[in-house]
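In full-length UniProt numbering, the protein residues as written are 1 to 194.
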């Protein structure tokens, strides 16, 4: 039952994000209120606040934030976190069921780099992601300091790759920018960490 409830929540959040993006694209981020987003998504404003907290977090939130440490460890291979992150991005961008999500992600990413308050929310989200990832690296032989630095390098490096994709006009798939940008980090996991 919990799995079904989580899926329903993810679907509701996705609808709200899509409706919000439509409004932001049409009228601008600052001109749209939570109440207008709620009306467009046919939910209550309190539901939006419960799911996201703020208008900025509505854009910065993603499904990785709500994943358990176990599920995150399944997706992010500690032996090659760069490769597993690139593979996750490729799956997200691939045609098929996720294609609509990929389009929404690209629309959301633009606001990370055009709206300072959204950027701040995205960076806070990345900081929380790094905190979730670091223990997985510790379990695979890194010290606490090494794990924290590696997790931050991975998450904030990912953000820098997204920014490069945005600045470049999105001419190549996001996964290409992530793989290219994070390639130097592979050396962290190639050698010993002790």
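Cβ coordinates follow ideal geometry from the N, Cα and C atoms, glycine included.
On a predicted model such as this, the values are computed, not experimentally measured, just so you know.
| query | result |
| --- | --- |
| Is residue 167 helix, strand or coil when you go by DSSP? | helix |
| Nearest to residue 122 by alpha carbon, out of 140, 134, 132, 109? | 109 |
| Do you know offhand how far residue 47's Cα is from residue 29's? | 19 angstroms |
| Nearest-angstrom Cα distance between residue 88 and residue 170? | 18 angstroms |
| In or out: residue 125 buried (at least 16 other Cβ within 10 Å) or exposed? | buried |
| Here's the rule I'm using: 16 or more other beta-carbon atoms within 10 Å means buried, otherwise exposed. How should residue 182 be labelled? | buried |
| I need the straight-line Cα distance from residue 21 to residue 54, nearest angstrom please. | 14 angstroms |
| By Cβ distance, which residues of its chain are closer than 8 angstroms to residue 5, with the 5 residues on each side in sequence left out? | none |
| How should residue 42 be labelled, buried or exposed, when 16 other C-beta atoms within 10 angstroms of its C-beta is the threshold for buried? | exposed |
| Threshold first: 4 residues or longer. Then list the alpha helix (DSSP H) segments lying entirely within the segment 75–150, N to C. | 81–93, 99–114, 116–139 |
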